[in-house]
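Report on the structure given below.
There are 2 protein chains.
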Amino acid sequence: MATKQKIEEGLEFIPQFDDNGLIPVVAQDAETSQVLMVGYMNRAALDLTIRTGCATYFSRARQKLWKKGEESGHVQKVQQILVDCDQDCIVLKVTVDAGQCHVGYQSCFYRALKKGSNKQLQFIAEKVYNPKEVYKK
Amino acid sequence: MATKQKIEEGLEFIPQFDDNGLIPVVAQDAETSQVLMVGYMNRAALDLTIRTGCATYFSRARQKLWKKGEESGHVQKVQQILVDCDQDCIVLKVTVDAGQCHVGYQSCFYRALKKGSNKQLQFIAEKVYNPKEVYKK
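The following block contains the structure:
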């Protein structure tokens, strides 16, 4: 068991997976710094991401590995992998083409809460591709 | 139960808390776009954050609400609240002073995996304050 000191101040990468064997991962555009999505990785997904340089996540809904873009072609090429103080969260700096979100937007974060409301969202982005054309069943 | 269509394309804020009643939250510097930290909120923390304009999280370790900066003074003033496509993750755009991480760095993400290694980290930032002076027990 790694000590708090070793985890926080050390130079050994000791990712702390949760009880389900997962760690949350923030994908951030390396050029614009926009947060594109948040996903999860298990050990195998993280190893694949490091080895291949393409972001691979673990789908909690489908309980399997998914290489981002395997269907849409919108892969994330990893430029840098950051880890936080307690090593239980990762930031991936990635370069992307367009349309990282399956709904059709560049980022999954295409809505913001309206000022003064706790219930009402507003769109802050426009779709950059048509998901119906990309995700053909 | 909200439909997928309503959650993804609608304008109603319907945050999807997990089985533990939590939702992950990425705090991003509104000016520099640096990712500062990732924390969790329960319903009460989210309501407090919206109402007060200062980020309040739920500490999983201590199982209680904590207003970021309540001890250190390093509060996060919320400029914008973004939600992702499936509304199970939030990005807070915040303005901060300095030293958002309890270890002494501006961001919790002060280390990166070395290129070509799956084990070796390197520091990518310098401390901006001395935590021993700020966190007096």
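Going down the list, the protein sequences come from chains A and B.
End of the first sequence sits at 230 in our numbering; the numbers just go up one at a time, nothing left out.
End of the second sequence sits at 230 in our numbering; the numbers just go up one at a time, nothing left out.
For each residue, glycine too, the CB sits at the ideal point set by N, CA and C.
Remember, it's a predicted structure, so these values are computed and weren't measured experimentally.
The beta carbon of M134/A sits closer than 8 Å to the beta carbons of L115, I116, V118, T142, T149, Y150, F151 and I183 from its chain, once the five residues preceding and following it are set aside; these are given in chain order. Taking all protein chains shown into account, Y203/B has 16 or more neighbouring C-beta atoms within 10 Å of its C-beta and is therefore buried. With a 10 Å radius around the Cβ and a threshold of 16 neighbouring Cβ atoms, S200/B comes out buried. Burial state of Q180/A is buried, judged by a 10 Å Cβ sphere holding 16 or more other Cβ atoms. Distances from the CA of Q173/A to each of K186/B, N211/B, D190/B and G197/B were compared; the closest alpha carbon is that of N211/B. Counting every other CB atom within 10 Å of its CB across the protein chains shown gives L104/A a total below 16, marking it as exposed. Counting only residues of its own chain and dropping the five nearest sequence neighbours on each side, G162/B has a CB closer than 6 Å to the CB of V168. Annotation for K220/B: G197 and Y198 place their beta carbon closer than 6 Å to its own, counting only its chain and skipping 5 residues before and after. For A137/A, the uninterrupted alpha helix (DSSP H) run begins and ends at R136 to T145, by DSSP.
The continuous stretches of alpha helix (DSSP H) do not include I174/B, which lies in the beta strand (DSSP E) extending over residues K170 to V176.
Proximity of P224/B to chain A, defined by a Cβ-Cβ separation below 7 Å, is not satisfied. Interface residue (Cβ-Cβ distance to chain B less than 7 Å): E164/A is not classified as such.
Closer than 7 Å to the CB of S126/B there is at least one CB belonging to chain A. Cα atoms of D177/A and E226/B: separation of roughly 22 Å, rounded to the nearest angstrom.
C-alpha of P108/B to C-alpha of A95/B: approximately 10 Å in a straight line. By the neighbour-count criterion, in which 16 or more other beta carbons inside 10 Å mark a residue as buried, A205/A falls on the buried side. Residue state for P108/A is assigned as coil, using DSSP reduced to three classes. The beta carbon of K99/B lies closer than 8 Å to those of E105 and I107 in the same chain, with the five residues before and after it left out. With respect to A123/B, M130/B sits apart: the two C-beta atoms are not nearer than 7 Å. Here DSSP, grouped into helix, strand and coil, assigns I100/A to helix.
G192/A is classed as buried because its beta carbon has at least 16 other beta carbons within 10 Å across all chains shown. Within the same chain, and ignoring the five residues on either side of W159/B in sequence, the residues whose Cβ sits closer than 6 Å to its Cβ are Y150 and S152.
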